[in-house]
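Visitor: Heads up: the sequence shown runs through residues 20 to 273, numbered per my numbering.
Just so it is clear, CB atoms sit at the ideal spot from N, CA and C, and this is done for glycine as well.
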Amino acid sequence: MLIAITRKVSNSIAHCELTHLERQPVDLELARRQHRQYEKTLEGLGFELHSLPEEPRLPDAVFVEDAAIVLDECAIITRPGAGSRRLEVESVAAALRPYRDLVHIQPPGTLDGGDVLRVGSMIYVGLSRRSNSQALEQLRAIVRAHGYEVTGIPVGGCLHLKSAVTQVAEKTLLLNPGWVAGKNFPALKLVEVDPAEPAAANALMVGSAVIHPAAYPRTGERLEKAGIRVLPLDVSEIAKAEGGVTCCSLLFRG
Ligand code: GLY
């Protein structure tokens, strides 16, 4: 069974963390409609949806990806780099407990799931303002027994590693070369974002398709040309909160 954990948009989303973006008004009702469409898309792709209730006091709580890394063998509950986000993990851990053994990142480690890109048995960890080398070492120790190799990747110019690079097919990544160097991924094929769309590298791979922001059609065309089926979604309000399409779900086999 395919499971998608999501969480409803907080009514306080306008007070979210922002690192690289100027604050803009977020249309809450539009954000909720867009998020519901995102959930429906996942359901349409065969996922059983576990949509957690809104957390009104946690503005960034819709971004459930940052709270956990779900592997086949276990789930790692993170310790988010922004102090305002630390309380988000408890409810995500509770939602994952029926499916996986849980292991927690401990202080002084900090890790956001948005900084973790798994491709097969490789786990790339963005060393960003949110995620540090102590957490990387903890993650490495947790997953070593399961055969994963963990590599740190410097990230600059964007919030998370997955703002800069995401997986779009078994051996293909979508990447903004200005934010992360392609040489970090020598064994993989790379599709670069259109230069006019620097924030377009965040795509959510779901089976043989990717969910991708409709705001970036030129990059969408590049993906289609590379043989990848693109499902464009309008996520304008989530983007104003410095979130992307990977951030809004945890996808795994139950
Ligand atoms: N607003 C998303 C984040 O900063 O974590």
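When the Cβ atoms of the region 153–162 are set against those of the region 186–202, are three or more pairs found closer than 8 Å?
Guide: Flag = no, the region 153–162 and the region 186–202 do not touch.
Visitor: So, with DSSP's three-state summary, where would you put Ala50?
Guide: On the sequence shown, residue 50 is found 31 positions in, with the first residue counted as 1. Residue state, collapsed to three classes: helix.
Visitor: Quick check on this structure: which residue in Glu256, Glu216, Ser182, Gly197 has the alpha carbon closest to the alpha carbon of Ala222?
Guide: In the sequence shown, residue 222 corresponds to position 203, counting from 1. Nearest of Glu256, Glu216, Ser182, Gly197 to Ala222, Cα basis: Ser182.
Visitor: Would you tell me roughly how many angstroms separate the C-alpha atoms of Gln38 and Val174, rounded to the nearest one?
Guide: Here residue 38 corresponds to residue number 19 of the sequence shown, with the count starting at 1. Here residue 174 corresponds to residue number 155 of the sequence shown, with the count starting at 1. Reading off the sequence, residue 38 comes out as Thr, not Gln. Rounded to the nearest angstrom, the two C-alpha atoms are 13 Å apart.
Visitor: What residue range does the beta strand (DSSP E) around Ile22 cover?
Guide: For the purposes of this step, residue 22 is taken as residue 3 along the sequence shown, with counting starting at 1. Residues 21–26.
Visitor: Could you check if Pro127 is buried or exposed, using at least 16 other CB atoms within 10 Å of its CB as the buried criterion?
Guide: Taking the first residue of the sequence shown as position 1, residue 127 is located at position 108. Exposed, since its Cβ has fewer than 16 Cβ neighbours within 10 Å.
Visitor: Following the continuous beta strand (DSSP E) through Ser70, name the residue where it begins and the one where it ends.
Guide: As a position in the sequence shown, residue 70 is number 51, starting the count at 1. First-last of the beta strand (DSSP E) with Ser70: 67–71.
Visitor: Determine the extent of the alpha helix (DSSP H) in which Gly239 is found, giving its start and end residues.
Guide: Within the sequence shown, the letter at position 220 stands for residue 239. Counting along the chain, the alpha helix (DSSP H) containing Gly239 begins and ends at 236–244.
Visitor: Would you mind reading off the limits of the beta strand (DSSP E) that contains Glu109?
Guide: By one-based count along the sequence shown, residue 109 stands at place 90. Where Glu109 is concerned, there is no enclosing beta strand (DSSP E), although the alpha helix (DSSP H) it sits in stretches over 108–115.
Visitor: Would you grab the beta carbon distance between Gly166 and Ser140 for me? Rounded to a whole angstrom, and I think it's under 8 Å.
Guide: The residue given as residue 166 occupies position 147 in the sequence shown. The residue given as residue 140 occupies position 121 in the sequence shown. Indeed, because the Cβ distance is near 6 Å, the residues count as touching under 8 Å.
Visitor: Between His54 and Ile230, how many whole angstroms is the CB-CB distance? I'm expecting something under 8 Å.
Guide: Locating residue 54 in the sequence shown gives position 35, counting from the first residue. Locating residue 230 in the sequence shown gives position 211, counting from the first residue. Their Cβ separation, rounded to whole angstroms, is 12 Å, which puts His54 and Ile230 out of contact at 8 Å.
Visitor: Quick one: is Lys259 buried, meaning 16 or more other Cβ sit within 10 Å of its Cβ, or exposed?
Guide: To locate residue 259, count along the sequence shown from 1; it is residue 240. Buried, by the Cβ-count rule.
Visitor: With a cut-off of 8 Å, do at least 3 Cβ pairs link the region 73–90 to the region 130–137?
Guide: As far as the Cβ criterion goes, the region 73–90 touches the region 130–137, which means the pair count is three or higher.
Visitor: DSSP three-state label for Glu62, please.
Guide: Against the sequence shown, residue 62 aligns to sequence position 43. Looking at Glu62 - three-state DSSP - the assignment turns out to be helix.
Visitor: Just to confirm, does Asp134 get its C-beta within under 6 Å of one of the non-hydrogen atoms of the ligand GLY?
Guide: Along the sequence shown, read from residue 1 onward, the residue named residue 134 stands at position 115. No; taking the cut-off as 6 Å, the Cβ of Asp134 has no heavy atom of the ligand GLY nearer than that.
Visitor: Measuring CA to CA, which of Pro78, Ala200, Ala206, Arg248 is closest to Glu261?
Guide: In the sequence shown, counting from the first residue as 1, residue 261 sits at position 242. Out of Pro78, Ala200, Ala206, Arg248, Pro78 has the C-alpha closest to the C-alpha of Glu261.
Visitor: Examine the Cβ distances between the region 64–71 and the region 33–50 and report whether three or more of them are shorter than 8 Å.
Guide: No contact exists between the region 64–71 and the region 33–50.
Visitor: In angstroms, rounded to a whole number, what distance separates the CA positions of Arg163 and Glu41?
Guide: Position 144 of the sequence shown, counted from the start, is the residue given in the question as residue 163. Position 22 of the sequence shown, counted from the start, is the residue given in the question as residue 41. Going by the C-alpha atoms only, they are around 40 Å apart.
Visitor: Which residue wins for smallest C-alpha separation from Arg105, given the options Cys93, Glu84, Arg119?
Guide: As a first step, residue 105 must be located in the sequence shown, where it is residue number 86. Ranking the options by Cα distance to Arg105, first place goes to Glu84.
Visitor: Pick out whichever of Ile124, Gln125, Gly145 has its Cα sitting closest to the Cα of Asp134.
Guide: For this step, residue 134 is matched to residue 115 along the sequence shown. Nearest option by C-alpha distance: Gly145.
Visitor: Alpha helix (DSSP H) containing Val159: first to last residue?
Guide: As a working note, residue 159 is residue 140 in the sequence shown. Before going on, a small fix: residue 159 reads as Arg here, not Val. It spans 152–162 - the alpha helix (DSSP H) in which Arg159 sits, taken as one unbroken run.
Visitor: Going by CA-CA distance only, name the one from Arg272, Val264, Phe271 that's closest to Thr60.
Guide: Sequence index remark: in the sequence shown, residue 60 carries index 41 (1-based). Here the closest residue by C-alpha is Val264.
Visitor: In the DSSP assignment, find the unbroken beta strand (DSSP E) run with Ala260 in it and report its ends.
Guide: Your numbering for residue 260 matches position 241 in the sequence shown. Ala260 -> no beta strand (DSSP E), and no H or E assigned at all.
Visitor: So for Lys202, helix, strand or coil by DSSP?
Guide: Along the sequence shown, read from residue 1 onward, the residue named residue 202 stands at position 183. Correct three-state label for Lys202: helix.
Visitor: So is the beta-carbon of Cys177 under 6 Å away from any non-hydrogen atom of the ligand GLY?
Guide: Taking the first residue of the sequence shown as 1, we reach residue 177 at position 158. No, Cβ of Cys177 sits at least 6 Å from all heavy atoms of the ligand GLY.
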